Amino acid sequence: MFPGMGPSGYADLGKFIVTDPRARQLRRAADRVLGYHLMDLYRAAGPDYSEYSQVAFLITCLALADRAGHGLAADPVAVAGPSFGGKVALAYCGVLPFAETVLLTVRLARCEEEYFRSEHRDVVTQSVARTPEPVLREVLDGMTERHEWHDISCRIDEDFHMVSMREPNLDRFLRDVRAAGGLPLYAMRPPMHSPAFGALRRKAEDEVLGDLPLAAPRMPIVADHDGAEVVTPGDVRRMLLDGIVRAVHWPRTVRTLRALGVTQICVSGPDSLFSRVRCTTDNFDVIPVSPRTALRPVPAP
Amino acid sequence: MWDEQFEALVRSHLPFLPPGGELAPDLDMRQFGLDSLGVVDLLVSLENTYGIRLTDEVLSMDTFETPAVLWQALAEIQDAAV
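Residue numbers (the numbering used here), protein chains in the order written: chain W, 908 to 1208; chain A, 0 to 81.
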């Protein structure tokens, strides 16, 4: 599994990328295709979702998967990549060569940045824990009555969601969630995964993904929004485009993985979310492979 | 000052605090590894241990900033329940 991306600054991933041999190799390949020195610009960027952070995250996850592959008792049977992890899955599964995946990542990042510079500038995505869907539904029904636009952008667990809304409505939403016993965590900007972003889906299709040649994945990728098995190039294209306008539904992905007989998940990348929620830990033996675990000194024999 | 249960629970959610390290009242718990899911887990553990339920403005990441702030919030809820 390749995790969704959180804010990833140089302090989080820089040390791993400059020390891990496979990551260094990937970084050199990325420099060649990007035409700039990734680490120089990454170091200067903030802990956000810049194109540099995204490529650094991609490199980190792939290098960690390489490490993980050497230590696993069995070959993986499927790949899951919620949200950003879907892009990492492309390179891992041979849908695109690494260099092309870097270009795709950067082009999509620029496409999104350009879009959100003028559209939905006041939309945020707020994560809330301890809010089972019926509880959240009541809060959202209140918003509907007040004619406040909202979308569930991510179902991470049965009681853990991300909701997109206009920023002026956020305070009232937070108050209602707390009154219902829920715990608001953090707000993300820019938002993602909402039917409201149909124009961004079209832009991404026209400018980035439309005629990009994709290969069939060498193993099924389990789509993050409906849990479908993605096996053809057409499926992959749809998964990437639909990911812009459809909510992530992690419990559905979990159900498909279980149906495929998966009992163990190797999480290649820094993750503090998908691999730790109950619907993951109740269903799988989770093996985290993160920069932190990778950089830990190995005790002398 | 907080009790031993609180100390043990909070410590168990701070993976970067060395075993012998001091749990100072103003320790920035985020810096010592208390992330979002850690907060959720710690919240549930505290509620189960003290038989309380946190609601409204206490349910905020700010409540979990330092041990002192968190203990103060718990103490107020316990006082209100007496």
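Each residue gets a CB set at the ideal place from its N, CA and C atoms; glycine is no exception.
As the structure is a computational prediction, the values presented were derived from the model and not from experiment.
Counting only beta-carbon separations shorter than 8 Å, does residue i have a partner in chain A?
i: residue 918 of chain W; result: no
i: residue 1164 of chain W; result: no
i: residue 1077 of chain W; result: no
i: residue 1202 of chain W; result: no
i: residue 1088 of chain W; result: yes
i: residue 1179 of chain W; result: yes
i: residue 1107 of chain W; result: no
i: residue 1091 of chain W; result: yes
i: residue 935 of chain W; result: no
i: residue 1183 of chain W; result: yes
i: residue 1085 of chain W; result: yes
How big is the Cα-Cα spacing for residue i and residue j?
i: residue 1136 of chain W; j: residue 25 of chain A; result: 49 Å
i: residue 2 of chain A; j: residue 1029 of chain W; result: 44 Å
i: residue 1213 of chain W; j: residue 1064 of chain W; result: The structure shown does not extend to residue 1213 of chain W, since chain W is modelled only from 908 to 1208, so the question has no answer here.
i: residue 1091 of chain W; j: residue 939 of chain W; result: 42 Å
i: residue 74 of chain A; j: residue 68 of chain A; result: 10 Å
i: residue 1166 of chain W; j: residue 922 of chain W; result: 38 Å
i: residue 1081 of chain W; j: residue 1051 of chain W; result: 15 Å
i: residue 50 of chain A; j: residue 58 of chain A; result: 16 Å
i: residue 973 of chain W; j: residue 1128 of chain W; result: 17 Å
i: residue 54 of chain A; j: residue 71 of chain A; result: 15 Å
i: residue 909 of chain W; j: residue 993 of chain W; result: 7 Å
i: residue 1216 of chain W; j: residue 1139 of chain W; result: No answer is possible for residue 1216 of chain W: the residues shown for chain W start at 908 and end at 1208.
i: residue 881 of chain W; j: residue 1161 of chain W; result: Nothing can be reported for residue 881 of chain W: it is not among the residues displayed for chain W, which extend from 908 to 1208.
i: residue 1170 of chain W; j: residue 1163 of chain W; result: 12 Å
Name the residue from the options whose alpha carbon lies nearest to the alpha carbon of residue i.
i: residue 1031 of chain W; options: W:1127, W:1095, W:1185 and W:921; result: W:1095
i: residue 1176 of chain W; options: W:1153, W:1014, W:965 and W:999; result: W:965
i: residue 23 of chain A; options: A:12, A:60, A:65 and A:56; result: A:65
i: residue 1075 of chain W; options: W:1060, W:1062, W:1066 and W:1054; result: W:1054
i: residue 1154 of chain W; options: W:1117, W:1179, W:1125 and W:1060; result: W:1060
i: residue 1077 of chain W; options: W:1148, W:1034, W:1100 and W:924; result: W:1034
i: residue 14 of chain A; options: A:34, A:77, A:72 and A:55; result: A:34
i: residue 943 of chain W; options: W:1041, W:953, W:1009 and W:1069; result: W:1009
i: residue 1083 of chain W; options: W:1145, W:979 and W:1038; result: W:1038
i: residue 83 of chain A; options: W:1185, W:1157 and W:1196; result: Because chain A in this structure spans residues 0 to 81, residue 83 of chain A falls outside the shown range and cannot be described.
i: residue 1150 of chain W; options: W:1120, W:1111 and W:1202; result: W:1111
i: residue 1086 of chain W; options: W:1114, W:967, W:1046 and W:1026; result: W:1046
i: residue 1143 of chain W; options: W:914, W:1119, W:929 and W:946; result: W:1119
Does any residue of chain W have a CB that is nearer than 8 Å to the CB of residue i?
i: residue 39 of chain A; result: yes
i: residue 48 of chain A; result: no
i: residue 65 of chain A; result: no
i: residue 26 of chain A; result: no
i: residue 45 of chain A; result: no
i: residue 73 of chain A; result: no
i: residue 126 of chain A; result: There is no way to answer for residue 126 of chain A, as the model of chain A reaches only from 0 to 81.
i: residue 33 of chain A; result: no
i: residue 36 of chain A; result: yes
i: residue 16 of chain A; result: no
i: residue 69 of chain A; result: no
i: residue 42 of chain A; result: yes
Hey, residue i and residue j are a contact pair by Cβ (cut 8 Å); roughly how many whole angstroms apart?
i: residue 986 of chain W; j: residue 996 of chain W; result: 5 Å
i: residue 1148 of chain W; j: residue 1108 of chain W; result: 5 Å
i: residue 8 of chain A; j: residue 41 of chain A; result: 7 Å
i: residue 1131 of chain W; j: residue 989 of chain W; result: 4 Å
So, is the C-beta of residue i closer than 8 Å to a C-beta in chain D?
i: residue 1188 of chain W; result: The question asks about chain D, but that chain is absent: this structure's protein chains are W and A.
Near-chain A residues of the segment 1030-1042 of chain W - C-beta to any C-beta below 8 Å: The residues in question are 1034, 1036 and 1037.
Near-chain W residues of the segment 53-64 of chain A (beta-carbon distance less than 9 Å), N- to C-terminal order: Within the segment 53-64 of chain A, the residues whose Cβ lies closer than 9 Å to any Cβ of chain W are, in chain order, 53, 54, 55, 56, 57, 58, 59 and 60.
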